[in-house]
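Participant: Taken in order, the sequence shown gives residues 1 to 397; the numbers are from the UniProt record's numbering.
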Amino acid sequence: MQLPPLSLSDALVLIKGRRKKDYPAEEIEVLRKLDERLGRLSFGLWAIGSLLSELSISPSALFEAIERISFNDNAFSLGVTDDGFWRNNSFLMKVMVFCFALMDRAKGRSLSSQMVLVGSWLAPAPISSTLLAAATNKLSAKGSGFHQLGKSLSMSLCFGCLDPQSRKNEFESALLLVKLGLAKRANRQSGFWIQIHPIAQMFGRRRGGPSAAMSAVHGVTKLGNAALYSDHLWASAFLVFGFKSEPPLVQLKPVEMVLFIKKVALPLAVRSFATFSRCSSALELLKVCTNILEEVEKSFVSQIQDPKNRSLCWKKDKKPQCSQRVDEYLWQEVTLLKAALLETRAKLLLRGGLFDSGEELCRTCISIRTVMLGHGHAQTLAAQETLAKLVRYRSKI
């Protein structure tokens with residue numbers, strides 16, 4: 001829905017911040033100038049108002065500090081000339097750089113700025129500080145490029161209650177994002193949840209790049225929990241598997257892919273089918289996972305069969321005698337996970353009434369488990385029970 005632009009009086013209310021401080025006439029004129037430079041964009045007005053509320057600083061001093069930021073330095077350049085939004089909102093980007101510089105005044109990236117970088121690759125939905133903190137574990141905490149600017153700001157400005165610690169706890173770090181206007185607090189039953197603003201997410205994706213996306217996927221994999229983080233699990237699945245014409249952004253190693261499918265994709269598909277009746281999406285996700293595992297299997301086979309790799313051996317002994325190895329246990333894990341995916345697809349097709357397709361998948365699952373585990377194994381017997389149901393229901397049609 002297209003909303004009409006704010007009136008000047010409403011814009012001034014927003015840009016003054018939460019404390020609604022009375023300013024002299026010359027400072028009000030600076031606020032009007034800030035409003036003009038921001039194009040009356042409500043997010044930018046709220047960010048300026050948040051900064052004025054949290055910092056012991058006048059509008060004119062804040063305006064001067066933001067204006068001093070230059071994009072000539074590669075550390076701050078985000079390809080403004082290549083991106084329409086930032087090209088048309090260069091002053092807003094300076095505001096974003098200013099906020100990141102505040103967070104990264106201490107040496108290395110702060111947990112708050114890291115939370116924005118990884119959270120930018122997840123869903124535009126409320127997210128817990130626990131998941132954000134977990135998602136930063138694989139992200140490098142080395143200098144962000146904003147540290148030197150943050151130091152110069154510290155010398156020239158007073159930051160009030162903002163603590164320059166580089167590593168705060170997850171609650172304080174997420175709360176700082178709310179204070180700076182980059183996120184809003186979301187009400188949930190337990191924990192501290194925030195929702196990062198879409199424009200802050202856009203900035204974070206450009207700053208964080210693929211490494212932040214990879215870290216976000218690792219964090220989601222670590223916590224899993226499809227019931228609590230369903231939207232973010234879907235976002236991580238799109239990063240790993242791609243979406244429509246967009247290719248995958250995150251490339252996982254085989255062992256990482258197995259873990260991701262086990263902890264994220266498989267429970268996400270089951271919950272999406274059972275709880276939200278997203279039948280097609282769930283089945284498509286499981287099919288994509290199956291295809292990827294088959295590609296992994298083919299790569300293992302090609303490594304074994306390649307005559308150039310005659311030195312290849314199974315990584316079974318504690319001290320293998322060759323340098324290039326295929327991990328036998330990983331291969332077994334991949335094959336058994338593929339069988340689990342086939343069985344799950346068969347069960348979902350059974351619930352959906354597609355008995356023929358389900359029967360075919362279930363027979364393939366049974367063949368795999370019979371070879372890998374044996375006829376009498378509990379998992380083989382469970383698949384046979386599913387097959388019996390499929391055959392019985394099909395015969396009734």
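C-beta atoms are modelled at their ideal positions from N, C-alpha and C, and glycine is treated no differently.
When the Cα of Gln-114 is compared with those of Asp-356, Glu-328 and Gln-201, which residue comes out closest?
Facilitator: Closest option to Gln-114, Cα to Cα, is Gln-201.
Participant: Here's a check: name, in chain order, each residue in its chain whose Cβ is nearer than 6 Å to the Cβ of Ala-47, leaving out the five neighbours to either side.
Facilitator: Excluding residues within five positions, the ones whose Cβ falls inside 6 Å are Val-95 and Gly-181.
Participant: Assuming Leu-293 and Lys-222 are in contact, meaning their beta carbons sit under 8 Å apart, how far apart are those beta carbons, in whole angstroms?
Facilitator: Rounded, the Cβ-Cβ distance is 21 Å, inconsistent with contact.
Participant: For a test of the three-state rule: what should DSSP assign to Gln-189, helix, strand or coil?
Facilitator: Three-state DSSP puts Gln-189 in coil, outside helix and strand.
Participant: My assumption, with CB atoms under 8 Å, is that Ala-216 sits in contact with Ile-194. Please give the rounded CB distance.
Facilitator: No, Ala-216 and Ile-194 are not in contact; Cβ-Cβ is about 15 Å, not under 8 Å.
Participant: Assign Ala-388 to one of two classes, buried (16 or more other C-beta atoms within 10 Å of its C-beta) or exposed (fewer than that).
Facilitator: Exposed, by the Cβ-count rule.
Participant: Determine the extent of the alpha helix (DSSP H) in which Leu-210 is found, giving its start and end residues.
Facilitator: Strictly speaking, residue 210 in this sequence is Pro, with Leu absent from that position. Element bounds for Pro-210: 198-223.
Participant: Rounded C-beta distance between Ala-226 and Arg-271? I'm assuming under 8 Å.
Facilitator: Yes, Ala-226 and Arg-271 are in contact; Cβ-Cβ is about 4 Å, under 8 Å.
Participant: So, at 6 Å on beta carbons, what are the nonlocal neighbours of Ser-245 in its own chain, with the 5 sequence-adjacent residues on each side left out?
Facilitator: For Ser-245, where only same-chain residues beyond five positions count, there are no Cβ hits under 6 Å.
Participant: Can Trp-121 and Leu-239 be called in contact, C-beta distance under 8 Å?
Facilitator: Yes. Within cutoff.
Participant: Of all the options Arg-351, Ala-382, Ser-128 and Ala-274, which has the alpha carbon lying nearest to the alpha carbon of Cys-365?
Facilitator: Cys-365 has its Cα closest to that of Ala-382, out of Arg-351, Ala-382, Ser-128 and Ala-274.
Participant: Using 10 angstroms around the beta-carbon of Pro-59, count the other beta-carbons present and answer buried if the total reaches 16, otherwise exposed.
Facilitator: Result: buried.
Participant: Under a Cβ-count criterion, where at least 16 other Cβ atoms within 10 Å of its own Cβ denotes burial, should Met-371 be classed as buried or exposed?
Facilitator: The sequence given here has Val at residue 371, not Met. Classification for Val-371: exposed.
Participant: Considering only their Cβ atoms, is the gap separating Gly-219 from Asn-169 smaller than 8 Å?
Facilitator: Against a cut-off of 8 Å, the Cβ pair of Gly-219 and Asn-169 comes out as no contact.
Participant: For Leu-233, collect the residues of the same chain with a Cβ closer than 7 Å to its Cβ; drop the 5 residues on either side in sequence, then sort them by chain order.
Facilitator: So the qualifying residues of the chain are Val-220, Ala-226, Val-264 and Leu-268.
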